[in-house]
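Below: one structure, written as structure tokens.
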Amino acid sequence: MSGQKINHILHQKQNIPICFSEAILQKVHKIIAHYPEGKQKSALLPILHIAQEELGGYLNVDVMDYIADLLKIQPIEVYEVATFYSQYYLDKVGKYVIEVCRTGPCAICGGEDIQEYLEGKLHIKDGETTADGLFTLKTVECLGACGFAPVMQINTEFYEHLTPAKIDIILEDLRLNATNDKHSDKTWAEKYS
Amino acid sequence: MGRKILLENSDIPNIKSFDVFRAHGGYVSVEKALKTMAPDEIIEEVKKSGLRGRGGAGFPTGLKWTFLDRKSNKPRYLVCNGDESEPGTFKDRYLMEKLPHLLIEGMICSSFALGVNTAYIYIRGEFKYLLGILNQAINEAYKNGFLGKNILGTNFSLDMYVHPGAGAYICGEETALLESLEGNRGNPRIKPPFPAVVGLYDCPTVVNNVETLANVGYIVNFGGDAYASIGLGKSTGTKLISACGNINNPGVYEIELGMSVEDFIYKEEFCGGIKDKLELKAVVPGGSSVPIVPKELILFTASGEKRLMTYESLAEGGFESGTMLGSGGFIVYDQNACIVRNTWNFSRFYHHESCGQCSPCREGTGWMEKILWRIEHGHGNMKDIDLLISIADKIEGNTICPLGDAAAWPVASAIRHFREDFIFHVQYPEIVKNIKHGALYKYDNQD
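So the protein sequences, as listed, match chains A and B.
What the first sequence shows, in the working numbering, is residues 16 to 208, in sequence order.
What the second sequence shows, in the working numbering, is residues 211 to 657, in sequence order.
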């Protein structure tokens, strides 16, 4: 699985020069300092979150090579991590990534109906992105919010006790926000202040 | 019965902030520990308290601490496991969200006891919103002199950082968590050596669950004996139970260990009974990994005694008729829930989350998922049922980490207690195909 994934990402290499902004770089170096000297690789997971958010919404191979360079590690060390964890996207995703929990406790409280409703409403299947590039729909495993089932996350913000009516309102709000370009939640980098 | 240790102050407005938390007795244990106690005294109190790991395994915390290698000259680390991902479990997020300073306080006392100068809180990546809350609380603790160099004017210094994961259930396993903290894939390590000797950066490391560490402040303040006087027998103290599924009041409850399971399910101040006045069918009391048990075996043991919310009582009867307290992820199923569909669902979860290192788990979880899929969707045959048991047997005990066991137990127990449901699925495929999503649930509210 990972072998295929890596082949897929390597073919996308475009050799575009990539760099964090000065402000983000400062944050990144602050995070690297959380770990002992010589153990800067520890900062890889948090920095990949920031990279994904700040450098185009997904981790293409140019972004990953830049991070490898920044952390003074081999590119393969970044690829193997990026392909292991489910929150890193290797392909372009929509502005809003809707992740619907499909695991047991949500499923017995109607999670599967919610997924179906979203597929119908957005006219896309699990893993696909709407034509306008606004929404990507993804089923995910347990989000650790079982008491509020059924739940979903949109760009890591939780939405709980879902019903079709609630989903209509949430999606409408996001469509409005998209044109205002307003972020409802803080970015990964902003969480480190 | 009914005493609280962790959530006593959780409803006080703005208890999240340092000032309010401090005004309600917060950080007193740090003053007591650093100024009046020797590190070994704290470990002794934790041993006396009988506190057991709240992440799921229930291993005695004080004993785990004594395994920490103190002879090597390497730095030691404390890592808080906040990778809460066990289906049914959502207590640690609640604790970190409501009372971040309670965790930090417990971690300072623990670090002092263990001779640790750097501590990490590992949270799952999906809990991005907690990263801001915890970082703010840590900053406040630094500003007020409870973290950093020479805390309260003593020789003790401690730095604390939050480390987010990025979506992997396996990172809740302590050695996979350490790999992830080092910036690697979350592949569990072969044990021994245990993290207490070779842990983070090959240094001696203690990994404890969020709830476990949050209890340490109380133990320092009031002593191990006071803690041990709460609870029942070897199940001392309180436990956060996250209740979910087909019940009236899902949520996080702090219970004194020893109350009856029946009270917990039916009393208004806890689960409040089964939703829509339906009958109870089954319970998974400790997160998806522990055996599922039917109504008659969750309310009473096989010998007819009342089942209690303790490590011992829930485990009574072994895997024949018992289950486990586990992480406290209490999932309740009503009479309409389809056990076959739920078992398939859990198998899919473990297949998805298997790291792929050990073939029995990597392949076995996939086979179980496929076979359960075909039974649930009306394509199964009678041999499939025993084939599932055979696969579960071959995974259990044959993998580096306990994910393999965790994948095998729900399948084996579902067939043990609900074999007739599996047989029904094989015998009446046409009926099974026509039941949408396996269950006849209703929406909570149509707002």
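Where a beta carbon is used, it is the ideal one built from N, C-alpha and C, also for glycine.
None of these values were measured; they are calculated from a predicted model.
Every alpha helix (DSSP H) stretch that sits fully inside the segment 579–651 of chain B and reaches 4 residues is listed by chain position as 592–605, 613–637 and 639–644.
Lys-643(B) and Leu-598(B) have their C-alpha atoms spaced approximately 21 Å apart.
His-64(A) is the residue among His-64(A), Leu-85(A), His-26(A) and Asp-106(A) whose C-alpha sits nearest the C-alpha of Gly-375(B).
For Ala-616(B), same chain residues with a beta-carbon under 6 Å away, outside a window of 5 residues either side, are Ser-499 in chain order.
In the three-state scheme derived from DSSP, where H, G and I count as helix and E and B as strand, Asn-394(B) is classed as coil. Excluding sequence positions up to five before and after Thr-385(B), its CB lies within less than 6 Å of the CB of Pro-398 and Arg-399, all in the same chain and listed in chain order.
Straight-line measurement puts the Cα of Asn-608(B) at about 45 Å from the Cα of Ile-39(A). Between Ile-581(B) and His-635(B), the C-beta spacing is not below 7 Å.
Proximity of Phe-300(B) to chain A, defined by a Cβ-Cβ separation below 7 Å, is satisfied. Counting C-beta atoms within 10 angstroms of its own C-beta, Leu-191(A) has fewer than 16 neighbours from the protein chains shown and is therefore classed as exposed.
Neighbourhood of His-373(B) in chain A, by CB distance below 8 Å: His-49, Ser-57, Leu-60 and Pro-61, in chain order.
Within the segment 104–131 of chain A, contact with chain B at the beta-carbon level (separation under 8 Å) is assigned to Arg-117, Thr-118, Gly-119, Pro-120, Ala-122, Ile-123, Cys-124, Gly-125, Glu-127 and Asp-128. Counting the other CB atoms within 10 Å of its CB gives Thr-194(A) a total below 16, which places it among the exposed residues. Setting aside the 5 residues that flank it on each side, Ile-82(A) is surrounded in the same chain by Leu-59, Ile-62, Leu-63, Ala-66 and Val-93, each with a C-beta closer than 8 Å to its C-beta; the list follows chain order. By the rule that beta-carbons nearer than 7 Å mark a contact, Phe-559(B) touches chain A. In this structure, Pro-403(B) keeps its C-beta atom at 7 Å or more from the C-beta atom of Ala-323(B).
Residue state for Gln-130(A) is assigned as helix, using DSSP reduced to three classes. Among the CB atoms of chain B, one or more fall inside 7 Å of the CB of Ala-160(A). Judged by DSSP secondary structure, Lys-226(B) falls outside any alpha helix (DSSP H); it is assigned neither H nor E. Burial state of Ser-523(B) is buried, judged by a 10 Å Cβ sphere holding 16 or more other Cβ atoms.
When secondary structure is reduced to three states using DSSP, Asp-77(A) falls in the helix class. Taking 8 Å as the upper bound on Cβ-Cβ separation, chain A lies near residues Ser-452, Ala-453, Cys-454, Gly-455, Asn-456, Pro-460, Gly-461 and Val-462 of the segment 432–465 of chain B.
Residue burial annotation: Tyr-638(B) is exposed, with fewer than 16 other C-beta atoms found within 10 angstroms of its C-beta. In this structure, the straight-line span from the alpha carbon of Cys-124(A) to that of Pro-460(B) is close to 11 Å. Annotation for Asn-354(B): Phe-228 place their beta carbon closer than 7 Å to its own, counting only its chain and skipping 5 residues before and after. At a Cβ-Cβ threshold of 7 Å, Leu-423(B) and Gly-409(B) do not count as neighbours. Distances from the alpha-carbon of Ser-220(B) to those of Ser-295(B), Thr-299(B) and Pro-310(B) put Pro-310(B) closest. Here Asn-418(B) carries a strand assignment [DSSP, helix/strand/coil]. The beta-carbon of Lys-206(A) is placed less than 7 Å from the nearest beta-carbon of chain B. When C-beta atoms of the segment 297–315 of chain B are compared with those of the segment 152–171 of chain A, three or more pairs fall below 8 Å, so the two segments count as touching.
Contact annotation: the segment 257–274 of chain B touches the segment 530–546 of chain B, with at least three C-beta pairs closer than 8 Å.
A residue is called buried once 16 or more other Cβ atoms fall within 10 Å of its Cβ, and Phe-556(B) is buried on that count. Between Arg-572(B) and Gly-566(B), the CB-CB gap stays under 7 Å.
Using a CB distance cut-off of 7 Å, Phe-540(B) does not count as an interface residue toward chain A. Excluding five sequence positions before and after Tyr-104(A), the CB atoms of its chain that fall closer than 8 Å to its own CB belong to Gln-67, Gly-72, Tyr-73, Leu-74 and Val-112, given in chain order. Shown in chain order are the members of the segment 326–339 of chain B whose Cβ falls below 9 Å from a Cβ of chain A: Thr-328, Tyr-330, Arg-334, Gly-335, Glu-336, Phe-337, Lys-338 and Tyr-339.
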